[in-house]
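A short worksheet on the structure shown next.
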Amino acid sequence: MSTTTDALESASTFWPAILRSRLPAPKNSATQISTELQFLDNEATSVREMLRSLYSYRNSMAPISRLPPEILLLIFKLLRAADPPHLRFQGKEVFMPGWTVATHVCHDWRLLCLDAVCLWTDIRRCLRGPWADRFLSLSRTSSLTLERRYAAGDADILRRTAFRIQHLTLSVAFGRTFRDSIVHDLDRQFPRMQSLVLAVDLWPEGPRPLDSLRMNPAFELPQELLRTGCPRLRRLSLRGCILPWTAPLLARLTHFELSLRDTLAGGHPPQGPNARIPPPGYTRPELLCCLEKMALLESLVLNECIPERTDRDMWSYVAPSTVRLPLLRRLVLSGAPAQLSALLDALELPVLATLHVSSYIHPDGSEAQVHSILVPMARLLRVSSNTGTLHALQITHGFSPNRALILTGMYAEDASFHTLCTTPEPDLKLELRHHPHAAPAPAPPSALPWLQAFFKLLDLDAVRVLALAERQECPSASGFWTPEACVRLFSRTPRVEQAKAGGAAAIALLEALAANVDAPRTLLPRLATLSAANMLFLPPENARGAAFCAGLRAWLCARKHAGAPLRVVMARCGVEVDRCVEGAEGEVVDVAFQVIPPEREREKVYFEFGVRAGRPREVYVRVR
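For the sequence shown, this note's numbering assigns the number 247 to the initial residue and increments by one for each residue that follows.
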């Protein structure tokens, strides 16, 4: 018998014997019973104390307790990033302490956390009053990341911590009083500050419906703001406020963002027959002269703030005809086509790692309009001709009030559906949004002119992952994705191995697979993965449901000699595989489907089709 077994048997007999020896004999009188109850309560308290000591000793021997403090500190840093303190709205604001609950797990963890100043340097907007003071105290003299909604009480925090702030984010309520106050409080020395985000809260009382929204003019900040008080400032983000292009501060920035999307100077025009967009408080020559001095720029974001080319420009002071930004790696532009074209005409760009372009489009979707909007994008891609080879491409279409078409691309050779759809910032993004006050289209446009315009922009020969998505309430009725458009797209992507489609795009794709044309036939044998979603109850007797079945049948037939299991993922698609029968020669002769009932609409149904020579095809169905 092992030593461990002996110890367990000894403990199982020793402690019960001790307990029995401590229990007094039962008494009958009320006084004696009361005394015995008090005695037993004292015994229970002693046992609990002993158990607490026993578990503390036991926990000290656990693997996580024997980790070096450096490893534990790294774990706490990851926990802080994953679960920061935040506010949760449950009828009212409820403060959630997040990762800080780790300080109450055990004494050792608490001492380690309280002594690690790096855990307390991120003071978020939700930390108020005593919580903010406690974080400031525990961070000692370390550099701070401070995020505040600027109010009267926050001015004191700025004054007390100005010499320690490294990253500052301020949200300011709209109004002249707040503007003057924030300018006054920023007019001090911030010797460590490297980045500043200044955002104007246009709706301090919460969002309002678009028809009742009154646009506000952008804040105009003084030209000398932060000129000498922030010698290390390299990142500046302004949202809803304007800093003159002649400000000396801009010349030393490496990252700059200016967004006027929800202001009168931005791209959301006021309503009315005579309404027009007031131009920003600067001209195109001023912008170009400023960019010429910003040779250190690595990231440039301009949202709804690009001046148009006008006849008055020729009377302005001389602006450079070409602006070189040799270090630029990330470019994000948003505005009207004329504004984008006016800026891109003058830019000479290096190879870009990230390119996002967004513009307005009216919902009629005519081919001429599409081409006119994509012209500046094509020019940008030609100037930056070595932007990389696309290996993953996603096209998303939807008729929400502010979104029409989004093209997302990844350059990485190992890109997949997951990286394409979940990455916070893809390598390439072209977004065409509906004009916010344009009349709705009488009918949805076709995808063909859009795709033809994209073909002129992009080299799609290396694309291996292709995703098509549809965002609207009734995707089965959309006319945007058609079998012809899918055929044309796949004919220009000869190396696609994984296809993912949703809504009407999935139906059109399978209709294209079933069509008797050359392009789908060449696609079928090489398509190894097919994923479909959100097709919303298309029974097989429906015309498009029958085409869906025929397309899936054609694909299974073409892949019957692949020799490896195939996987078809269908989520909320409205149809479910019931059986799949092969003929004597291995050809798929029948695929039966059944309609998913509404109560199972949100379930994800996975179908795995095992391809085995000479044997009936086996269908495995797993429901999550």
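Note that beta-carbon positions come from the ideal geometry of N, C-alpha and C, so glycine has one too.
Owing to the predicted nature of the structure, the values given are computational and were not obtained by experimental measurement.
Nearest to residue i (by Cα), restricted to the options the options
| i | options | result |
| --- | --- | --- |
| Val-347 | Arg-370, Arg-334, Phe-322 | Phe-322 |
| Ser-383 | Ala-401, Glu-393, Arg-410 | Arg-410 |
| Leu-694 | Ala-658, Arg-738, Asp-673 | Arg-738 |
| Gly-344 | Pro-309, Lys-338, Asp-368, His-353 | Asp-368 |
| Thr-642 | Phe-701, Asp-329, Lys-746 | Lys-746 |
| Leu-265 | Arg-498, Leu-416, Val-293 | Val-293 |
| Glu-393 | Leu-620, Pro-376, Arg-374, Leu-416 | Leu-416 |
| Leu-533 | Asp-329, Trp-491, Ala-497, Lys-539 | Trp-491 |
| Leu-620 | Pro-314, Ala-401, Leu-703 | Leu-703 |
| Ala-699 | Asp-673, Leu-651, Ala-658 | Leu-651 |
Neighbourhood of residue i by C-beta distance below 6 Å, restricted to the same chain and skipping five residues each side
| i | result |
| --- | --- |
| Val-578 | Val-547, His-602 |
| Ala-754 | Trp-727, Thr-728, Pro-729, Cys-732 |
| Pro-844 | For Pro-844, the pLDDT reaches just 48, beneath the cut-off of 50, and the residue's location in the model is therefore unreliable, leaving the point undetermined. |
| Leu-589 | Ile-552 |
| Gln-440 | Gln-412, Arg-478, Arg-480 |
| Val-418 | Tyr-396, Phe-424, Ile-428, Val-446 |
| Leu-489 | Leu-467 |
| Tyr-301 | none |
| Leu-442 | Leu-414, Leu-482 |
Three-state class that DSSP yields for residue i in the structure shown
| i | result |
| --- | --- |
| Gly-344 | helix |
| Tyr-657 | coil |
| Asp-673 | coil |
| Ala-362 | coil |
| Leu-444 | strand |
| Phe-409 | coil |
| Arg-298 | helix |
| Glu-282 | helix |
| Asp-457 | Low per-residue confidence applies at Asp-457: pLDDT is 39, beneath 50, and the placement is therefore not dependable, though the value from the model is reported in the following sentence. Here Asp-457 sits in helix by DSSP. |
| Asp-402 | helix |
| Phe-335 | strand |
| Cys-487 | strand |
| Phe-322 | helix |
| Arg-522 | Low per-residue confidence applies at Arg-522: pLDDT is 36, beneath 50, and the placement is therefore not dependable, though the value from the model is reported in the following sentence. Three-state DSSP puts Arg-522 in coil, outside helix and strand. |
| Phe-726 | coil |
| Glu-538 | helix |
| Leu-472 | coil |
| Ile-552 | coil |
| Glu-393 | strand |
| Ser-580 | strand |
| His-643 | strand |
Nonlocal neighbours in the same chain, by C-beta distance under 7 Å from residue i, ignoring five residues either side
| i | result |
| --- | --- |
| Ala-751 | Leu-714, Ala-715, Glu-716, Trp-727 |
| Arg-473 | Pro-494, Leu-495 |
| Val-429 | Leu-467, Pro-468, Leu-471 |
| Thr-568 | Ala-592, Glu-594 |
| Asn-520 | For Asn-520, the pLDDT reaches just 33, beneath the cut-off of 50, and the residue's location in the model is therefore unreliable, leaving the point undetermined. |
| His-332 | Met-342, Gly-344, Cys-372 |
| Glu-831 | Unreliable placement is indicated for Glu-831, whose pLDDT of 42 sits below 50; the coordinate value is still reported in the next sentence. Within the same chain, Glu-831 has no close Cβ partners at all. |
| Ala-497 | Lys-539, Met-540 |
| Phe-465 | Arg-425, Val-446, Gly-486, Cys-487, Ile-488 |
Test item: CB-CB of residue i and residue j under 8 Å
| i | j | result |
| --- | --- | --- |
| Leu-636 | Gly-655 | yes |
| Arg-575 | Ala-599 | yes |
| Phe-436 | Ala-408 | yes |
| Leu-639 | Leu-706 | yes |
| Leu-414 | Asp-431 | no |
| Leu-542 | Leu-573 | yes |
| Leu-676 | Leu-712 | no |
| Arg-741 | Ala-708 | yes |
| Leu-506 | Glu-550 | yes |
| Ser-605 | Ala-582 | yes |
| Leu-319 | Leu-360 | no |
| Gly-475 | Arg-438 | no |
| Pro-566 | Cys-536 | no |
| Asn-305 | Ser-311 | yes |
Spatial neighbours of residue i in its chain, beta-carbon cut-off 8 Å, leaving aside the 5 residues before and after
| i | result |
| --- | --- |
| Leu-268 | Residue 268 is actually Arg in this sequence, not Leu. If we look at Arg-268 and ignore the five residues flanking it on each side, its Cβ neighbours are Glu-289. |
| Arg-356 | Thr-349, His-350 |
| Ala-378 | Ile-369, Ile-403 |
| Glu-339 | Leu-333 |
is_contact[residue i, chain B] using C-beta, thresh 8 Å
| i | result |
| --- | --- |
| Leu-712 | Looking for chain B here will not work: only one protein chain is present. |
Touching by the beta-carbon criterion (3+ pairs, under 8 Å), the region 359-370 and the region 382-396: In this structure the region 359-370 touches the region 382-396; the number of beta carbon pairs closer than 8 Å is three or more.
The region 476-485 / the region 498-505 touching (three or more Cβ pairs under 8 Å): Between the region 476-485 and the region 498-505 there are three or more inter-stretch CB-CB distances shorter than 8 Å, so the stretches are counted as touching.
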